[in-house]
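Novice:
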Amino acid sequence: GAVVSQHPSWVICKSGTSVKIECRSLDFQATTMFWYRQFPKQSLMLMATSNEGSKATYEQGVEKDKFLINHASLTLSTLTVTSAHPEDSSFYICSARDRGDRRIRQETQYFGPGTRLLVL
Amino acid sequence: AQSVTQPDIHITVSEGASLELRCNYSYGATPYLFWYVQSPGQGLQLLLKYFSGDTLVQGIKGFEAEFKRSQSSFNLRKPSVHWSDAAEYFCAVGVRNTGFQKLVFGTGTRLLVSP
Numbered sequence: 511g512a513v514v515s516q517h518p519s520w521v522i523c524k525s526g527t528s529v530k531i532e533c534r535s536l537d538f539q540a541t542t543m544f545w546y547r548q549f550p551k552q553s554l555m556l557m558a559t560s561n562e563g564s565k566a567t568y569e570q571g572v573e574k575d576k577f578l579i580n581h582a583s584l585t586l587s588t589l590t591v592t593s594a595h596p597e598d599s600s601f602y603i604c605s606a607r608d609r610g611d612r613r614i615r616q617e618t619q620y621f622g623p624g625t626r627l628l629v630l
Numbered sequence: 009a010q011s012v013t014q015p016d017i018h019i020t021v022s023e024g025a026s027l028e029l030r031c032n033y034s035y036g037a038t039p040y041l042f043w044y045v046q047s048p049g050q051g052l053q054l055l056l057k058y059f060s061g062d063t064l065v066q067g068i069k070g071f072e073a074e075f076k077r078s079q080s081s082f083n084l085r086k087p088s089v090h091w092s093d094a095a096e097y098f099c100a101v102g103v104r105n106t107g108f109q110k111l112v113f114g115t116g117t118r119l120l121v122s123p
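One line per chain: the protein sequences are A and B, in this order.
To get the numbering used here, take the position in the first sequence, counting from 1, and add 510.
To get the numbering used here, take the position in the second sequence, counting from 1, and add 8.
#1: What are the boundary residues of the beta strand (DSSP E) that residue 117 of chain B is part of?
#2: Using a Cβ-Cβ cut-off of 6 Å (strictly less than) and excluding sequence neighbours within five positions of residue 526 of chain A, which residues of its own chain qualify?
#3: Taking beta-carbon pairs under 9 Å, can you tell me which members of the region 552–567 of chain A lie near chain B?
#4: Is it buried or exposed for residue 615 of chain A, if we count other Cβ within 10 angstroms and need 16 for buried?
#5: Less than 7 Å between CB atoms is the rule here; does residue 623 of chain A satisfy it with respect to chain B?
#6: Counting C-beta neighbours from all protein chains within 10 Å, is the total for residue 63 of chain B 16 or more, i.e. buried, or is it exposed?
#7: Going by C-alpha to C-alpha distance, which of A/567, A/583 and A/629 sits closest to residue 635 of chain A?
#8: Beta strand (DSSP E) containing residue 514 of chain A: first to last residue?
#9: Residues in the same chain with beta-carbon distance under 6 Å from residue 65 of chain B, minus the five sequence neighbours each way, listed in chain order, please.
#10: In chain order, what are the residue ranges of uninterrupted beta strand (DSSP E) at least 3 long that sit wholly in the region 579–608 of chain A?
Structure (structure tokens):
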């Protein structure tokens, strides 16, 4: 159980285009999903927290208009990188928190396999 | 501010030898601690977690970790390493926020397994 998928697994795009990445919880409902960015050989940096039916909460330094997040349902969150540039090239990973886990203090995040974005 | 330190950037261990990966955290409240493993080009898989109770936590794939409050540490151990254990290992602390918990990750330790 607790499987999270991401689509696509990798994408190459031209500078100036927009790219949408999907994150789905396959066997559980997730009221909260998280989007991380990981540069080569570095750790994961939280970009934003996505709550179903409400606006995402962005971490300091992350551009809201650049990285659009939509959490349309309890099993789907999307990250759109708008007007992508080469510096946006990175590995994007989402995670999801199981709605069924009411114990906030003991919740666990389940991670997707990641999406590698290359902007030319 | 909350932080996690993994002092070893990479470690090489012979197959069959024991392993210990270090993790130190800084957090003002009771920590909720996690170890994740990441294979190349993949997402993160949860190895184990500590919330409360027994300070020695058992995880998947034969891993265990021990929480030591006095040392602010949560080191990961495995008695006998297999070649398939080669990967990147991340320690994380759960930081309580309004309605959910955020994870703060360490910089990771890359494990290499030699024959």
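Every residue gets a Cβ at the ideal spot worked out from N, C-alpha and C, and that includes glycine.
Specialist: Concretely, from the data shown:
#1: One-based indexing of the second sequence puts residue 117 of chain B at position 109. From DSSP, the beta strand (DSSP E) with residue 117 of chain B extends over 117–122.
#2: Along the first sequence, one-based indexing puts residue 526 of chain A at 16. Here the set comprises 593.
#3: 552, 553, 554, 555, 556, 559, 561 and 567
#4: On the first sequence, position 105 is the one that residue 615 of chain A refers to. Residue placement at residue 615 of chain A cannot be trusted, given a pLDDT of 46 that sits under 50; the coordinates are not used to answer.
#5: What you label residue 623 of chain A is simply residue 113 of the first sequence in a count that begins at 1. By this cut-off, residue 623 of chain A is an interface position.
#6: Here the question's residue 63 of chain B lines up with position 55 in the second sequence. When all chains shown are included, residue 63 of chain B counts as exposed.
#7: The shown model of chain A, from 511 to 630, leaves out residue 635 of chain A, and the question about it has no answer.
#8: Against the first sequence, residue 514 of chain A aligns to sequence position 4. First-last of the beta strand (DSSP E) with residue 514 of chain A: 514–517.
#9: Residue numbering aside, residue 65 of chain B sits at position 57 when the second sequence is read from its first letter. Closer than 6 Å at Cβ, skipping near neighbours: 56, 58 and 73.
#10: 586–591 and 600–607
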